[in-house]
Amino acid sequence: MQFAHDTRVALTGAAALVNTRPWPGSSEIDAAGEPTTDDLRTVADLRAFMDEWGWTGAPPRTAAEVEDVRALRGRLHRFWELDEDAVVEVVNELLREYRALPQLVRHDAWDYHLHATPSGAPPAARMAVEAAMAMVDLVRAGELGRLGTCAGEDCGGVVVDLSRNRSRRYCEDGCGNRAAVAAYRARRAAPTTSTT
Ligand SMILES: [Zn+2]
Ligand SMILES: [Zn+2]
151 MQFAHDTRVA LTGAAALVNT RPWPGSSEID AAGEPTTDDL RTVADLRAFM
201 DEWGWTGAPP RTAAEVEDVR ALRGRLHRFW ELDEDAVVEV VNELLREYRA
251 LPQLVRHDAW DYHLHATPSG APPAARMAVE AAMAMVDLVR AGELGRLGTC
301 AGEDCGGVVV DLSRNRSRRY CEDGCGNRAA VAAYRARRAA PTTSTT
């Protein structure tokens, strides 16, 4: 199953947004279940995130806009937790709530793709609808299995595996590198089986 480029970008971007805070399974969650770190606290944080992910349209300006995006992360995280019927409920709820209206557009270097909110809509609305539209593709393709949890120790981050051979096990937060380095060190530390 090949997904459209904008679907791939939207899913990867949604995972990156969800992963701006730690989730259960992470060492950065305290005993009360609360995150002890967060990469998305300020307007500058949100602007940097949106620049990194190529968001066009109105940049965020207010703390309230940041708060709405922060709150959205919990709703998007549910895509990784729920079964298909429950995922569909969340998708439809987001599309209704933000009055998604799909339109084909072409801008910057991008050929025709779907936007379902006006470019002046608040960041949370644009992010919610873009993620929901990408989930529409994933559900219709019967590919919810592409959503997984990072295999990194003490991570708990979410993963979107769009690779052809479904080989992606780690989040984009460096867990794959960390696991490779740890495995390398473990091999070096293991007693040698050399015959010399
Ligand atoms: Zn666009
Ligand atoms: Zn990870």
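First residue of the sequence shown? That's 151 in our numbering, and the numbers climb one at a time after it. Virtual Cβ for every residue (Gly too), placed ideally from N, Cα, C. Please read all numbers here as calculations on a predicted model, not as lab measurements.
With 16 as the cutoff for other CB atoms within 10 Å, does residue i come out buried or exposed?
i, result
"residue 331", "exposed"
"residue 228", "exposed"
"residue 219", "buried"
"residue 254", "exposed"
"residue 340", "exposed"
"residue 248", "buried"
Determine the extent of the beta strand (DSSP E) in which residue i is found, giving its start and end residues.
i, result
"residue 334", "Careful: residue 334 lies outside any beta strand (DSSP E), inside the alpha helix (DSSP H) at 325 to 339."
"residue 298", "297 to 299"
For residue i, collect the residues of the same chain with a Cβ closer than 8 Å to its Cβ; drop the 5 residues on either side in sequence, then sort them by chain order.
i, result
"residue 193", "210, 211, 212, 213, 215, 216"
"residue 257", "206"
"residue 312", "153, 158, 161, 162, 296, 318"
"residue 179", "172, 173, 185, 186, 306"
Based on DSSP bridge pairs, tell me the residues matched to residue i.
i, result
"residue 174", "None, per the DSSP bridge assignment."
"residue 308", "299"
Note down, in chain order, each residue of its chain lying with its Cβ closer than 6 Å to the Cβ of residue i, except the 5 sequence neighbours on either side.
i, result
"residue 300", "307, 309, 320, 321, 325"
"residue 252", "264, 266"
Please return the same chain residues whose Cβ sits closer than 7 Å to the Cβ of residue i, not counting the five positions on each side in sequence.
i, result
"residue 168", "223, 226, 227, 308"
Which residues bound the alpha helix (DSSP H) around residue i?
i, result
"residue 192", "Premise fails: residue 192 is in no alpha helix (DSSP H) and is neither H nor E."
"residue 224", "213 to 227"
"residue 316", "Neither: residue 316 is in no alpha helix (DSSP H) and is coded neither H nor E."
>> At 4 residues or longer, what runs of the alpha helix (DSSP H) sit wholly inside the region 233 to 274?
In response: Correct list: 234 to 247.
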